[in-house]
Amino acid sequence: MSLAAQEASALSAARSTGARYGEPRVTVPQTALSDDLVANPLGHGSSIHVNPPREGMSPAYGELYGGEGVWDVHIYWKPNNLDEKEYARKLHAAIRREFPELHVKRFWEVPIGPHPTPMFEVNMFNAAQLGAIFNYLVENRGPLSVLIHPNTGRTTGDHTTRATWLGPKIELDTDPLRKVDADNGVPPE
101 MSLAAQEASA
111 LSAARSTGAR
121 YGEPRVTVPQ
131 TALSDDLVAN
141 PLGHGSSIHV
151 NPPREGMSPA
161 YGELYGGEGV
171 WDVHIYWKPN
181 NLDEKEYARK
191 LHAAIRREFP
201 ELHVKRFWEV
211 PIGPHPTPMF
221 EVNMFNAAQL
231 GAIFNYLVEN
241 RGPLSVLIHP
251 NTGRTTGDHT
261 TRATWLGPKI
271 ELDTDPLRKV
281 DADNGVPPE
């Protein structure tokens with residue numbers, strides 16, 4: 101059985117058991133995909149699929165997921181670790197210098213809201229900025245944990261199920277997030 105047939109069979113089985121995930125967004129006509137593999141032109145030793153051609157690039161390169169078109173990163177440091185605090189201050193300053201177009205918010209000395217440890221926040225407004233800060237933080241986050249999330253207007257899910265982490269995940273206090281959602285008439289997720 102081909103890989104495509106296996107995937108179709110698994111999807112059919114998942115649907116029959118009640119799993120509902122919707123469909124991934126696709127902005128081009130859904131033509132048949134080949135299972136053919138070719139040698140990786142970059143020479144990394146792995147094979148890659150032959151993908152169908154398309155006109156231009158995916159709109160995902162230019163737009164951000166989420167209702168407000170803004171993504172946040174929260175960069176956390178441990179309050180009792182002076183080395184982490186010093187590194188976080190240096191990173192805060194470096195991001196302000198390296199990315200003046202981003203909104204770099206206050207360096208918090210204490211936990212605030214749902215954040216159980218001190219942190220600072222950075223806002224991105226397009227996919228290029230999100231990609232750039234993600235790449236920068238992979239290289240430069242040091243010992244710090246980083247939460248990356250969209251702002252869809254569903255605050256609890258934005259900070260949990262739609263979020264991703266660089267470094268160790270920190271459990272957030274979701275009570276304040278659920279209150280924001282309830283105050284805005286957003287049903288629980």
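Our numbering applies: residue 101 is where the sequence shown begins, and numbers increase by one.
A virtual CB, placed ideally from N, CA and C, is assigned to each residue, including glycine.
> Taking the alpha carbon of H149 as the point to measure from, which residue in A139, E155, G143 and M157 has its own alpha carbon closest?
Replying inline: A139
> Quick one, are the C-beta atoms of R254 and E221 less than 8 Å apart?
Replying inline: When the beta-carbon positions are compared, R254 and E221 stay at least 8 Å from each other.
> Just the Cα atoms here: how many angstroms apart are D183 and T131?
Replying inline: 54 Å
> Hey, would you say D172 sits closer than 8 Å to N251, going by beta carbons?
Replying inline: yes
> Rounded to whole angstroms, how far is the Cβ of L244 from the Cβ of Y176, which I believe are closer than 8 Å?
Replying inline: Between Y176 and L244 the Cβ distance is about 6 Å, and since that is below 8 Å, they are a contact.
> Considering only C-alpha positions, which residue in the set E209, P124 and H215 is nearest to A160?
Replying inline: P124
>> Measuring only the C-alpha atoms, how far is P141 from M157?
In response: 20 Å
> Taking all protein chains shown into account, do 16 or more other C-beta atoms lie within 10 angstroms of the C-beta of L103, making it buried, or fewer, making it exposed?
Replying inline: Low per-residue confidence applies at L103: pLDDT is 48, beneath 50, and the placement is therefore not dependable, though the value from the model is reported in the following sentence. The residue in question, L103, is exposed, as its Cβ has fewer than 16 Cβ neighbours within 10 Å.
>> Does S233 come out as helix, strand or coil in the three-state DSSP assignment?
In response: One detail in the question is off: residue 233 reads as Ile in this sequence, not Ser. I233 falls in the helix class under three-state DSSP.
> Under the three-state reduction of DSSP, which class applies to P159: helix, strand or coil?
Replying inline: helix
> DSSP on L103, reduced to helix/strand/coil?
Replying inline: In this predicted model, L103 has a pLDDT of only 48, less than 50, meaning its place in the structure is not dependable enough to derive any value.
> Which stretch, first to last residue, makes up the alpha helix (DSSP H) that contains H192?
Replying inline: L182 to E198
>> If I measure Cβ to Cβ from N181 and keep anything under 6 Å in the same chain, skipping five residues before and after, which residues do I get?
In response: none
> Which of the three DSSP states, helix, strand or coil, is assigned to A132?
Replying inline: coil
> Given I248, which residues of its chain have a CB within under 6 Å of its CB, disregarding the five upstream and five downstream residues?
Replying inline: V173 and T264
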